[in-house]
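Asks: In this note's numbering, the protein residues as written are 20 to 83. Have a look at this one.
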């Protein structure tokens, strides 16, 4: 895709191309893949309840 074709794209389509290009560049190196794995881990918003229950000092409500 040439410069003039890129300039005709809407802003949001351009940003999606830019994001996908950046991800493809990062996937080419081991350090980039490690960075992407770290970012994916940081984007998780739901807690891992199984891991939380294994922590010492965790007490269930209504329990003993």
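Idealized CB from N, CA, C, for every residue including glycine.
#1: Which residue's Cα is closest to the Cα of residue 54: 41, 64, 33?
#2: If you draw a straight line from the alpha carbon of residue 29 to that of residue 71, how long is it in whole angstroms?
#3: Rounded to whole angstroms, what's the CA-CA distance from residue 32 to residue 44? Just pull it up for me.
#4: Excluding the five sequence neighbours on either side, which residues of its own chain have a C-beta within less than 8 Å of the C-beta of residue 46, listed in chain order?
#5: Can the beta-carbon of residue 36 be found closer than 9 Å to that of residue 20?
Replies: This is what the structure gives:
#1: One-based indexing of the chain shown puts residue 54 at position 35. Per the Cα distances, 41.
#2: Position 10 of the chain shown holds residue 29. Position 52 of the chain shown holds residue 71. In a straight line, the C-alpha of residue 29 is about 44 Å away from that of residue 71.
#3: By one-based count along the chain shown, residue 32 stands at place 13. By one-based count along the chain shown, residue 44 stands at place 25. Each residue's alpha carbon lies about 18 Å from the other.
#4: For the purposes of this step, residue 46 is taken as residue 27 along the chain shown, with counting starting at 1. Once the five neighbours on either side are set aside, the close Cβ partners of residue 46 are 52, 55.
#5: Here residue 36 is taken as the residue at index 17 of the chain shown, counted from 1. Here residue 20 is taken as the residue at index 1 of the chain shown, counted from 1. Contact: yes.
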